[in-house]
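Taking this note's numbering, the leading residue of the sequence shown gets 39, the next gets one more, and so forth.
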Amino acid sequence: MEMMEESKDLIGETCRLLKGTLSCYDKATVDSSADGLDRLSALPAFPLSLLAIAQDGDTLGLRIASATYLKNLIRRYTDRELFSPETHKECRNQLAEALLKADQAVLKVLIEAFRLVITKDFVRDNSWPELVPQLKAVIENSNLISGAGYSQWNTLNALTVLQAVTRPFQYFLNPKLPKEPVPEQLEQVASEILAPLQATFHHFVDKVLSVNDGTQGEYEQALLILCKSLYFAVRSYMPSALTQVIPSICHDLLRILDALRLDSTLSDKYQLRLKIAKRGLIIFCTLICRHRKHADKCVVSICILLVLDSLSDRIISLSFDVISHVLETGPGWRLVSSHFSTLLDSEIFPALSLNQKDMAEWDEDTEEYIRKNLPCELDEATGWAAEDLFTARKSAINLLGVIAISKGPPTVPAASKRKKGDKNKKKQQNSSMGELLVIPFLSKFPIPSDGEETLSKTVQDYYGVLMAYGGVQDFLKEKTSDYAATLIRNRVLPLYFLHKCSPYLVATSNWLLGELAPCLPQTMSGEIYNALTKALVTPDTDGINCYPVRASAAGALASLLDNEHFPSDWSSFLQTVVSRVGTGDENESSILFQLITSIVESGQQNIAIHVPGIVSAIASALSYLIPPIPEPWPQVVEKGIACLAVLVQTWVAVMPDDSKQQMTDIASVLSNLLQKAWLMPVELMGEEGVIPPPSSINDASMLLGLIIQFTDSPGEARKFKVKELLAVFADIIADYHAWEEIEDQGIFNTIKEAIYLFNKFDLNSNTIITSSFIEGVSNFVSEGINAYTSATLRACTCVHLLLHGPEIVVENEPLRQTIAVQFASAAFLRLKHLSDKKAEVARALILAISSCYLLYPECIERILEQKESGGSFYWASKLAFISRSGISTETEAKLAVLTLAKVVDRLLMLSATDSDLLLDCFVALMEVSLRLNDLQEDSADDDDDDAHETDDDDDDSEDEDDDDDDEDTEDEVLEETQDEFLSKCAAAAQDLTDFVDEEDVDDDDYIIDLGNLDDIDALSVVISLVKQHQVLAQGKMLSQDLIDRINETFPEYQLFLGASTKS
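What follows is the structure, encoded as structure tokens:
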């Protein structure tokens, strides 16, 4: 009874606090309620109280709030147990039961929490054996399946739970295995639930098809959820229980597709039917691509999908995709190939041709038109990879490309063998469908005459021809470059010489030239640059917005540069592009900024002389675009700032020796721009604490870093307002949280440049950096320690620099101690949460704590003990470990020597002469001292060694190139089996895992600068320690072998350690 009362009290208190968080008028109430919920979250019964409120709360808003808090609580503790196993099991069981009864709004939130539990308990740990039998019983007894008049279980809720259970299996659980077996959990779900539901699936299809007005909403929704569950189950694996029911399910899906209404007056209720059809097509694609031996049995029926007519765009797109995959099978190719001409003429080409919808979209939303029809590399978001960009035209282009390169039915089943490299020589001798069918078909459409109206059939058809040429890129790559050049000269370039050509054709021609850039010979570069440059400056005409023409020209020019087709006259080309900046709208300027970036990266020394003038022009244009008040920058400003950063960095890499005046001019321009962006908005607001937005903070930081690099005197620092800009910079990054969203290397580099500048001038602190700068930067560095791997490494380098670099820190003990504690706490917490304690990032964290410990050993020991009992011993043992085996640079070795000496001294002061840790640390200290001595001796010979190694590498690479040539020759004629293919995929998954673990760690990310610690003779510190504490030289703390090595390297140690055993 008492426990029930406590439970009611907890529910009541939780309910009160949740209502407090929903207050939209009182921030104090919201904050205090959130703090109260955080305190309650440690109570074992708290999740159960949240579940109770999510089910029975008096308002929908309260129920959703409770469900959301529960979801976030579970997410926060996904990888570690929050409560006892018994409490955890009770909570997950009640969560599953709540899902079966929740209304749809709450269900959508709770199901996300359930997925987290499923992934851990059912999939990863396989510790929920009763889940499948219980879910099976619930589904069988649910309202739509049991046939009873009333059921306490809702079928839609139960199937939603089933969908959540199958969802984690859509991807291989261990993709590094060449042949991963079907997980036993998925086999159980398939055999006990999915396979028996085939009869129910068939019954639901009958129910849905009995009427054609979308009134069977519950059954259609159940079918859609079942389709999704089946898709997740077969996307990667094929459970044995499903192999027998797949043909029947495919047949039912085809019945739905065959019964779709093709008129355009479909009600909203009919949308569920279309979603089922779309999911069915996705299942067909999966079966053909992933489980071809099962799909071959159904391929004849699947080819019924050739009748497309006016279905929704996405369904037509998927239908084309299904046919593309069907063509990869022998039976499918033989079945479809006889219909190629009809398919091309009646289905594919009409999807490519210009239509009224295209023209309306051009007029109403040019950006959307470009996204769908003219994607380019200038903006990744405009590519065709995103789900929302699947269109019938895109899929038709893809299908046409598949047809064009096909040369006959596959002779080796793709399920058992796949080709490696190019087609073998025998198949290359056969004519492809591109030569026999596609190119001749397209050639029958004439080029429109000068001034022909857009609405004419000739123009609309030729639009489709240009789209089609873009789809046969792979076919053209197989041909000689002259073949593509002839096609471009005869069928594309003439459009640019028409006095008046439809902008729809010109824009598509621009896109096509960009697509075919890899196929074109260098001899055509001049002609193509002339055509595209002309299109780039096309004005709006006859009330038509020609922005898509100019944007597609910019994208094509960028593609030419990427494929090493360069202009003959860099100067005039660059001048043309730069002169366009600011003449159009913001979208156009954004694209031009990206094109200029591509030009600079490709031109390098060819454009270096023009950089100062370009910087000034771009900065001038940006100054008019930067918002006058502190608000997020528009995209055009972000692109412009990024362009400037690349421009100046490229110039720095190739700048001439006599460039001081140019450096000053560039620094002045950049300083004025950053003052406009950062200082003026704050001044205009006239309020303390106003901080500019963190827009483009990485690129803007690069500009600030370049200003600092170009500053050679205190007078220039004042002229460029370095101090003021650094103060705002520190305020912005102090609250930085976008670690996973944007790059941050420019921020770290600017921090280092600021400290180097301060040290270089040896100035009064107020001239360059202030205490508030150090505090803001320290907050940023502490957050960076807990971010992704590269950010952690960069942050750790800053720890050393901040603690031992600027005098403003060295001379301000309270500030120095505060940031040392801050850094040590963050580094220790990150170290404890690392899965691999031997990784490079672990070494960086241990050494970061070492820098803090050297300054304040007692304080840091106390902080580590507060974080975890025995925390200081844990860190010291890890430091000893890496000192024996993981030190690779002289600065690391010096820091390890100094820190271990301090640790040993502290342990001796605490009278821990018999402790294992003292022995471990002293042995490590002597080992790393030897390592430091070797590194110091080797550093003098590095230049000669590097030159010798370079010569050897050149010889080796020549041999490797010869070997590679031989291997490439063999690859052209070798076939790989399915086992070889799967092994290759597993190796690729392993490489990807390694890449993710390393997170593209650059050596420059972790270069330690010890500041004033470099002046200390670390080896003298060690010998002084041994002299001071004779106990270190007594007994058998060191092995005889180590003593011999020490005496050989440092003869003075013989006085303390005894003579060497070596003669």
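In this text, a Cβ means the ideal position worked out from N, Cα and C, and glycines have one as well.
What you are looking at is a predicted structure, and each value in this text was computed from that prediction instead of being measured.
Just how far apart, CA to CA, sit residue i and residue j?
{"i": "Ala143", "j": "Ala829", "result": "39 angstroms"}
{"i": "Lys331", "j": "Val283", "result": "14 angstroms"}
{"i": "Ile745", "j": "Leu543", "result": "46 angstroms"}
{"i": "Ser444", "j": "Thr835", "result": "55 angstroms"}
{"i": "Val111", "j": "Leu570", "result": "According to the sequence shown, residue 111 is Leu rather than Val. Answer to the nearest angstrom: the Cα atoms are 56 angstroms apart."}
{"i": "Asn583", "j": "Gly489", "result": "17 angstroms"}
{"i": "Ala939", "j": "Ile1061", "result": "10 angstroms"}
{"i": "Ser889", "j": "Gly843", "result": "12 angstroms"}
{"i": "Phe807", "j": "Arg756", "result": "A quick correction: the sequence has Ile, not Phe, at residue 807. Spanning the two alpha carbons is a distance of roughly 12 angstroms."}
{"i": "Ser248", "j": "Glu258", "result": "12 angstroms"}
{"i": "Asn787", "j": "Gly743", "result": "7 angstroms"}
{"i": "Thr59", "j": "Leu78", "result": "14 angstroms"}
{"i": "Arg969", "j": "Thr927", "result": "9 angstroms"}
{"i": "Gly185", "j": "Glu150", "result": "30 angstroms"}
{"i": "Arg54", "j": "Ala196", "result": "31 angstroms"}
{"i": "Phe811", "j": "Phe818", "result": "11 angstroms"}
{"i": "Gln687", "j": "Val760", "result": "19 angstroms"}
{"i": "Gln1092", "j": "Ile1054", "result": "24 angstroms"}
{"i": "Met693", "j": "Ala271", "result": "58 angstroms"}
{"i": "Leu89", "j": "Asn179", "result": "24 angstroms"}
{"i": "Leu1080", "j": "Glu965", "result": "8 angstroms"}
{"i": "Ala918", "j": "Gly1049", "result": "23 angstroms"}
{"i": "Thr749", "j": "Asp703", "result": "11 angstroms"}
{"i": "Ser375", "j": "Gln236", "result": "33 angstroms"}
{"i": "Pro895", "j": "Leu1070", "result": "21 angstroms"}
{"i": "Ala419", "j": "Gly641", "result": "Confidence at Ala419 is low in this model, with a pLDDT of 36, below 50, so its placement is unreliable and the value that follows should be read with caution. The alpha-carbon atoms of Ala419 and Gly641 are separated by roughly 25 angstroms."}
{"i": "Asp578", "j": "Thr621", "result": "12 angstroms"}
Where does residue i sit, in a helix, a strand or coil, going by DSSP?
{"i": "Ala579", "result": "The question names Ala, but residue 579 is Thr in the sequence shown. Correct three-state label for Thr579: strand."}
{"i": "Trp777", "result": "coil"}
{"i": "Asp992", "result": "Confidence is the limiting factor: at Asp992 the pLDDT is only 49, short of 50, which leaves the residue's position unreliable and the question unanswerable from this model."}
{"i": "Leu392", "result": "coil"}
{"i": "Ala862", "result": "helix"}
{"i": "Thr492", "result": "coil"}
{"i": "Cys836", "result": "helix"}
{"i": "Phe535", "result": "helix"}
{"i": "Glu402", "result": "helix"}
{"i": "Thr281", "result": "coil"}
{"i": "Ala297", "result": "coil"}
{"i": "Ala1102", "result": "Shown here, the chain extends from 39 to 1101; a query on residue 1102 therefore has no answer."}
{"i": "Ala66", "result": "helix"}
{"i": "Ile183", "result": "coil"}
{"i": "Thr856", "result": "helix"}
{"i": "Pro213", "result": "coil"}
Over what stretch of residues does the alpha helix (DSSP H) that includes residue i continue unbroken?
{"i": "Asp512", "result": "Gln511 to Glu516"}
{"i": "Phe1145", "result": "Residue 1145 is absent from the structure shown; the chain starts at 39 and stops at 1101."}
{"i": "Asn436", "result": "Ala430 to Ile443"}
{"i": "Cys129", "result": "Pro123 to Lys139"}
{"i": "Gly814", "result": "Ser809 to Ile823"}
{"i": "Phe84", "result": "Phe84 to Asp94"}
{"i": "Asn195", "result": "Thr193 to Thr204"}
{"i": "Phe604", "result": "First-last for Phe604: undefined, no H or E at that position."}
{"i": "Asp163", "result": "No alpha helix (DSSP H) holds Asp163; DSSP gives it neither H nor E."}
{"i": "Gln783", "result": "Gln783 to Phe799"}
{"i": "Ala315", "result": "Gln309 to Arg328"}
Under a CB-based cut-off of 8 angstroms, is residue i close to chain C?
{"i": "Leu86", "result": "In the displayed structure, chain C is absent; only one protein chain is listed."}
Exercise. Taking only runs of the beta strand (DSSP E) that begin and end inside the region 229-268, which ones reach a length of at least 3 residues, in chain order?
Worked result: Listed in chain order, the beta strand (DSSP E) elements of length 3 or more contained wholly in the region 229-268 amount to none.
For this session: Within the region 655-727, note down every full alpha helix (DSSP H) run reaching 4 residues or more, in order along the chain.
Result: DSSP runs (the alpha helix (DSSP H)) wholly in the region 655-727: 673-692, 698-712 and 718-723.
For this session: With a floor of 4 residues, list each alpha helix (DSSP H) that falls wholly inside the region 725-754, ordered by position along the chain.
Result: Scanning the region 725-754 from its first residue to its last, the whole alpha helix (DSSP H) runs of 4-plus residues come out as 735-747.
For this session: May I have a chain-ordered list of the alpha helix (DSSP H) segments no shorter than 4 residues that lie completely inside the region 1060-1088?
Result: The qualifying runs are 1078-1087.
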